[in-house]
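In UniProt numbering, the protein residues as written are 1 to 292.
A short worksheet on the structure shown next.
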């Protein structure tokens with residue numbers, strides 16, 4: 001019996017469904033409901049997605065949509081939706097179209113004037129960032145670097161001066177050479193967070209200077225196993241720029257206000273902590289003036 005008979009019928013659309021990156025408990029209730037209610041599921045790899053559906057006892061017709069047949073598959077997808085079907089698309093793990101197939105499919109369906117509905121959930125990039133402890137909210141998600149060393153170094157060179165965190169995905173067979181290139185091209189004193197096997201049994205998240213990352217990998221054969229998210233923290237210059245701006249704001253405010261009030265307002269303007277800014281006021285204002 002068709003499972004959708006037991007569930008609310010969904011409007012015809014392409015449903016982009018995020019799936020777990022390891023721990024199956026991370027699937028959302030909405031993702032499960034959507035997968036139960038659609039007419040069919042299109043997948044990056046039907047074997048991988050078939051196991052996920054079987055685990056949750058969901059039976060749906062499965063269609064394979066891989067990167068090399070995305071354009072041609074999009075025509076089928078558009079025809080299914082035009083015929084009134086609700087179709088889910090899932091990649092092997094995480095959020096489709098984020099360093100995964102799916103973007104061409106989404107663009108084609110939208111260009112055909114059909115609805116695309118995101119069903120959010122796990123993404124390795126946000127999972128890693130949440131555990132990296134980077135205070136600056138600015139980050140650039142780059143995804144995978146080129147596999148060839150020359151092209152990879154050239155790409156890193158273009159990113160080196162950006163005043164934000166840089167977030168990459170990397171495969172286990174390339175992680176050693178990628179980190180060696182990062183240490184050579186970027187400032188090797190920059191901290192790097194290596195997050196591997198996220199949400200899985202052997203998950204590990206470590207932060208250390210880029211210069212020490214190759215040695216950390218070499219210290220244990222297990223350190224190079226699994227898919228990696230690599231987060232290179234902002235360069236020191238970025239922190240210095242933030243300090244310079246905070247000092248400038250404080251300097252202006254201290255011309256008119258006592259240190260406590262100046263720190264409080266500067267905190268609202270710059271986002272830095274009041275305590276930190278109050279310490280800065282001591283460097284800017286002669287102490288004998290006190291808090292008058």
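Backbone N, C-alpha and C define an ideal beta-carbon position, used for all residues, glycine too.
Note on geometry: alpha-carbon atoms of residue 244 and residue 116 lie some 45 Å from one another. Between residue 134 and residue 108, the CB-CB gap reaches or exceeds 9 Å.
Our two residues, residue 113 and residue 66, have alpha carbons roughly 22 Å apart in a direct line.
Residue environment: residue 233 is assigned as buried (16 or more neighbouring CB atoms within 10 Å of its CB, all protein chains considered).
Annotation: residue 270 to residue 260 spans about 15 Å, alpha carbon to alpha carbon.
Annotated as distal: residue 62 and residue 19, with beta-carbon spacing of 9 Å or more. Excluding the 5 residues flanking it on each side, residue 30 has same chain C-beta neighbours closer than 6 Å at 119, in chain order. DSSP, read as helix, strand or coil, puts residue 267 in helix. DSSP lists no bridge partner for residue 133. With respect to residue 214, residue 170 sits apart: the two C-beta atoms are not nearer than 9 Å.
Beta-bridge partners assigned by DSSP to residue 230: 168, 194.
Judged by DSSP in its simplified three-state form, residue 27 adopts coil rather than helix or strand. Pairing residue 26 with residue 126, the inter-Cα distance amounts to about 13 Å. Within the same chain, and ignoring the five residues on either side of residue 179 in sequence, the residues whose Cβ sits closer than 6 Å to its Cβ are 213, 214.
With a cutoff of 9 Å on beta-carbon distance, residue 230 and residue 209 are scored as not near each other. Counting the other Cβ atoms within 10 Å of the Cβ of residue 22 gives 16 or more, which makes it buried.
Judged by pairs of C-beta atoms under 8 Å, the segment 179-188 touches the segment 151-170, as three or more such pairs exist. Counting along the chain, the unbroken alpha helix (DSSP H) around residue 110 starts and ends at 103-111. Judged by DSSP in its simplified three-state form, residue 68 adopts helix. Contact between residue 24 and residue 55 holds, with the beta-carbon distance rounding to 6 Å and staying under 8 Å. Boundaries of the alpha helix (DSSP H) around residue 214: 213-218. Take residue 235, set aside five residues on each side of it, and the residues of its chain with a beta-carbon closer than 7 Å to its own are 163, 187, 190, in chain order.
In the structure shown, the three-state DSSP call for residue 58 is coil. Cβ atoms of residue 201 and residue 228 stay farther apart than 8 Å, at about 16 Å.
Looking at the backbone, the Cα of residue 121 and that of residue 251 are separated by about 44 Å. In this structure, DSSP gives residue 224 a helical state, which the three-state scheme calls helix. Inclusion of residue 48 and residue 92 in the CB contact set at 9 Å is warranted, their separation being smaller than that value.
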